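Those protein sequences? They're chains A and B, same order as listed. In this text, residue positions in the first sequence follow the working numbering: the first is 1, and each later residue adds one. In this text, residue positions in the second sequence follow the working numbering: the first is 1, and each later residue adds one. Yeah, the Cβ is synthetic: ideal placement off N, Cα and C, and Gly gets one too. The structure displayed is predicted, hence computed values, not measured ones.
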Amino acid sequence: MSDLRELFGDLFDDVDGILLFSPSSSYYERFDDLDDDDPDVILVGPENVHDADAYVELPVQFEDASDRIEFAIEGAVDEGIVDEGDDLLCALGLFADDVDSLTRVRANPAEGSGIYELFVNSRAEPDVIRAVFDVAIELGQKGQKGKPVGALFVVGDAGKVMNKSRPLSYNPFEKSHVHVGDPIVKVMLKEFSRLDGAFVISDAGKIVSAYRYLEPAAEGVDIPKGLGARHMAAGAITRDTNATAIVLSESDGLVRAFKGGELVLELDPENY
Amino acid sequence: MLPLQALPDGFTLFQEPVVVALLLLVVGLALGLVVGRVNKQILITAGVPDAVEGTPFERTARSLGTSTVSLLARLTSWFVYGVSILAAIRVANFFEAPSFWIGVAAFVPKLFVAVVVMILGFIVADKAELIASERLRDVKLPEITLLPLAVKYTVLYVTLLIALSQVDVNTTALLVLLTVYVFGVVFLGGLAFKDFLSSAAAGMYLLLNQPYGIGDEVRIGDREGIVQEVDLLVTRIENEEEEFIVPNRKVFEHGIARMR
Chain A
1 MSDLRELFGD
11 LFDDVDGILL
21 FSPSSSYYER
31 FDDLDDDDPD
41 VILVGPENVH
51 DADAYVELPV
61 QFEDASDRIE
71 FAIEGAVDEG
81 IVDEGDDLLC
91 ALGLFADDVD
101 SLTRVRANPA
111 EGSGIYELFV
121 NSRAEPDVIR
131 AVFDVAIELG
141 QKGQKGKPVG
151 ALFVVGDAGK
161 VMNKSRPLSY
171 NPFEKSHVHV
181 GDPIVKVMLK
191 EFSRLDGAFV
201 ISDAGKIVSA
211 YRYLEPAAEG
221 VDIPKGLGAR
231 HMAAGAITRD
241 TNATAIVLSE
251 SDGLVRAFKG
261 GELVLELDPE
271 NY
Chain B
1 MLPLQALPDG
11 FTLFQEPVVV
21 ALLLLVVGLA
31 LGLVVGRVNK
41 QILITAGVPD
51 AVEGTPFERT
61 ARSLGTSTVS
71 LLARLTSWFV
81 YGVSILAAIR
91 VANFFEAPSF
101 WIGVAAFVPK
111 LFVAVVVMIL
121 GFIVADKAEL
131 IASERLRDVK
141 LPEITLLPLA
151 VKYTVLYVTL
161 LIALSQVDVN
171 TTALLVLLTV
181 YVFGVVFLGG
191 LAFKDFLSSA
201 AAGMYLLLNQ
211 PYGIGDEVRI
221 GDREGIVQEV
231 DLLVTRIENE
241 EEEFIVPNRK
251 VFEHGIARMR
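So this is what it looks like as structure tokens:
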């Protein structure tokens, strides 16, 4: 065993913090006797079940481990729990629910994709963005009557978005008070997604309109080639306004999020 | 005469007050047991164990090796036991001064109600405190913990009043104190929340009739911009430089100008 310790020892040398991803209670309690000289322990998970002082909330259980780590590190840096350039040891479950993998990462949010920003520092409230993701993921899983559908949600900065778009048809949400996250909404959005156009959702989660044709200036929008008009519109509107756009692709079924004109996150609904 | 001789034995047995009293006692004990059991079942089906989960009262009960539900069930049993014992004593005519026992018999149900009210009061107070502190958990202010405590002790005070008046204790002074307290809360609360109330009333109209919606360009007073959000209390208006959060009562005060 000492050989293995020697071989892998450099993984643990001079670690500034330990990120624990959704550990079980018994696993978490192992870290109780660490004293002040030891690295800080930071809990990452959907809920602060162990009442940890240092905690980063995961809004979505990212299937991709690197997304999960990136989100946690950006969150920890943003909350001032770790400093930029710190070496962090991440303990997470890659193949099982329990912790089964260790990886050493240097906190460098400047190079990150801005996943944390997408959820926490968007104009819209984090709960709203999460709810829209839920809707998009569910739409992607089930489709409309078995057929794949596409959808475009523009979240936040709704006043400006409304002024940079025009209606394609009568707005079914006019004078209504429907919020994303309301139980009936998923069915409604599924029905309305049959028609083209974007859903516009306000900062507080009110569904302002459906069937909007977005008219942003698309100059200088750089999104991966091969994505269609829907993605181009999503990228462009987030460049032109402070909104976040969440797109469900009709052709490949992936859910993508755009912010500031750039693709920030890509999720496969089949993995949830 | 022969048949009559056989009867008197049994006949007088039932006439004997001690026997009747014993019988009453036995029936009372059995009834108490059954009532306790049934009560426990009813409380469990009504979801009481879930409702009291986590309250300090339940925790205290647990540490004493019981629970709120079994405590309440046992209390009803004891009540029936007590009544049957009193009835038995009365029938058996053990004591010469019946008026004293009549007084006791009249007092027992009141005491029972008072105890039940106190238990309920403790549970409701704890529950109210829990809910209040849960609601305020996001507000990270140390002084905010006073509010749930105030809620708890208000509920406790009211239950104490009910319980005391149940056992015929004079509560007039306490009642006056309560009146002053409630008046203070309502009066000062109304004074403090006056703007909130008028904003909410205006917001109600704005939400129902929607004279302007998200995306419209409006002017309210000297504030001009695109409407970003309308909720019950405020309207958010934004232009290139500034974002205004306008209380809805201001919308009514100044009126709305929709820009074309």
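Contacts of residue i in chain B (Cβ-Cβ under 7 Å)
i: Ser122 of chain A; result: The premise fails here: Ser122 of chain A is roughly 14 Å from chain B at the closest Cβ pair, so nothing lies under 7 Å.
i: Lys259 of chain A; result: By Cβ distance, chain B contributes nothing, its closest Cβ being about 18 Å from Lys259 of chain A, past 7 Å.
Proximal chain A residues relative to residue i, where beta-carbon distance stays under 7 Å
i: Val234 of chain B; result: Per Cβ cutoff of 7 Å: no residues; Val234 of chain B is ~11 Å from chain A at best.
i: Leu130 of chain B; result: Within chain A, no residue comes near Leu130 of chain B; the closest Cβ sits about 17 Å away, beyond 7 Å.
i: Gln166 of chain B; result: What Gln166 of chain B touches in chain A: nothing, since even the nearest Cβ is about 42 Å away.
i: Gln210 of chain B; result: Lys175
Any C-beta of chain B under 9 Å from that of residue i
i: Val178 of chain A; result: no
i: Asp157 of chain A; result: yes
i: Asn163 of chain A; result: yes
i: Leu254 of chain A; result: no
i: Lys175 of chain A; result: yes
i: Val132 of chain A; result: no
i: Val200 of chain A; result: yes
i: Val264 of chain A; result: no
Chain-ordered neighbours of residue i on chain A, where CB pairs are closer than 8 Å
i: Asp231 of chain B; result: Ala204
i: Glu238 of chain B; result: Gly159, Lys160
CB contact check: residue i to chain A, cutoff 9 Å
i: Glu217 of chain B; result: yes
i: Gly225 of chain B; result: yes
i: Leu207 of chain B; result: yes
i: Gln41 of chain B; result: no
Delimiting residues of the alpha helix (DSSP H) encompassing residue i
i: Gly218 of chain B; result: According to the sequence provided, residue 218 of chain B is Val. The question's Gly does not apply to it. Counting along the chain, Val218 of chain B falls outside any alpha helix (DSSP H), though it belongs to the beta strand (DSSP E) covering 217-220.
i: Gly32 of chain B; result: 17-45
i: Lys186 of chain A; result: 185-192
i: Thr103 of chain A; result: Careful: Thr103 of chain A lies outside any alpha helix (DSSP H), inside the beta strand (DSSP E) at 101-106.
i: Arg239 of chain A; result: 229-240
i: Arg61 of chain B; result: According to the sequence as given, residue 61 of chain B is Ala; it is not Arg. First-last of the alpha helix (DSSP H) with Ala61 of chain B: 56-63.
i: Glu253 of chain B; result: 248-254
i: Leu141 of chain B; result: Run containing Leu141 of chain B: none; DSSP gives neither H nor E here.
i: Ala124 of chain A; result: Careful: Ala124 of chain A lies outside any alpha helix (DSSP H) and carries neither H nor E.
i: Ala51 of chain B; result: 48-52
Residue i: contacting residues in chain B (beta-carbon distance under 8 Å)
i: Val208 of chain A; result: Gly213, Ile214, Gly215
i: Lys147 of chain A; result: Within 8 Å Cβ-Cβ: nothing; Lys147 of chain A doesn't reach chain B, min ~32 Å.
Beta strand (DSSP E) segment containing residue i, residue limits
i: Glu245 of chain A; result: First, the residue type needs correcting, since residue 245 of chain A is Ala and not Glu in the sequence shown. Start and end: 244-248.
i: Tyr116 of chain A; result: Run containing Tyr116 of chain A: none in the beta strand (DSSP E); it sits in the alpha helix (DSSP H), 115-120.
i: Ser90 of chain B; result: Here residue 90 of chain B turns out to be Arg, not Ser, going by the sequence shown. Careful: Arg90 of chain B lies outside any beta strand (DSSP E), inside the alpha helix (DSSP H) at 68-92.
i: Arg256 of chain A; result: 255-259
i: Val154 of chain A; result: 151-155
i: Glu266 of chain A; result: 262-267
Listed by chain order, chain A residues near residue i by CB distance under 9 Å
i: Glu242 of chain B; result: None at all; the shortest Cβ gap to chain A is about 13 Å.
i: Leu197 of chain B; result: Ordered by position in chain A, no residue passes the 9 Å Cβ test against Leu197 of chain B, which lies about 21 Å from the chain.
Q | Segments of 4+ residues assigned as alpha helix (DSSP H) that fall wholly inside the segment 164-242 of chain B | A | Those alpha helix (DSSP H) runs which fall completely within the segment 164-242 of chain B and span 4+ residues are 172-192, 194-209.
Q. Does the segment 239-257 of chain B come close enough to the segment 227-246 of chain A to have 3 or more Cβ pairs within less than 8 Å?
A. By the Cβ criterion, the segment 239-257 of chain B is not in contact with the segment 227-246 of chain A, since fewer than three pairs of Cβ atoms, one from each stretch, lie closer than 8 Å.
Q | Validate contact between the segment 200-210 of chain A and the segment 167-180 of chain A using beta carbons, cut 8 Å, 3 pairs | A | Yes, they touch.
Q: Would you check if there are 3 or more beta carbon pairs closer than 8 Å linking the segment 181-188 of chain A to the segment 240-249 of chain B?
A: No contact exists between the segment 181-188 of chain A and the segment 240-249 of chain B.
Q | Sequence ranges, beta strand (DSSP E) only - wholly within the segment 12-94 of chain A, length at least 3 | A | Complete beta strand (DSSP E) runs here, min 3: 17-21, 40-45, 55-57, 87-92.
Q. Taking three-plus beta-carbon pairs below 8 Å as touching, is the segment 78-95 of chain B in contact with the segment 14-25 of chain B?
A. With a cut-off of 8 Å, the segment 14-25 of chain B and the segment 78-95 of chain B count as touching, because enough Cβ pairs lie within range.
Q. Can we say the segment 64-72 of chain B touches the segment 40-56 of chain B, given the rule of at least three CB pairs closer than 8 Å?
A. Per the Cβ contact rule, the segment 64-72 of chain B is in contact with the segment 40-56 of chain B (3 or more Cβ pairs under 8 Å).
Q: Mind listing, in chain order, the continuous beta strand (DSSP E) runs of no fewer than 3 residues lying wholly within the segment 163-225 of chain A?
A: The DSSP assignment places complete beta strand (DSSP E) segments of no fewer than 3 residues inside the segment 163-225 of chain A at 165-167, 198-201, 207-214, in order along the chain.
Q: Spell out a yes or no on whether the segment 39-52 of chain A and the segment 96-106 of chain A are touching, meaning 3 or more CB-CB pairs, one atom from each, closer than 8 Å.
A: Segments in contact, no.
Q | Any 3 or more C-beta pairs closer than 8 Å across the segment 154-171 of chain A and the segment 78-91 of chain A | A | These segments do not touch.
Q.
Between the segment 245-259 of chain A and the segment 122-141 of chain A, can you find at least three pairs of beta-carbon atoms closer than 8 Å?
A. Taking 8 Å as the limit for Cβ pairs, the verdict is that the segment 245-259 of chain A does touch the segment 122-141 of chain A.
Q.
Can you confirm whether the segment 201-221 of chain B touches the segment 174-190 of chain B when touching is taken to mean that 3 or more C-beta pairs between the two stretches lie within less than 8 Å?
A. Taking 8 Å as the limit for Cβ pairs, the verdict is that the segment 201-221 of chain B does not touch the segment 174-190 of chain B.
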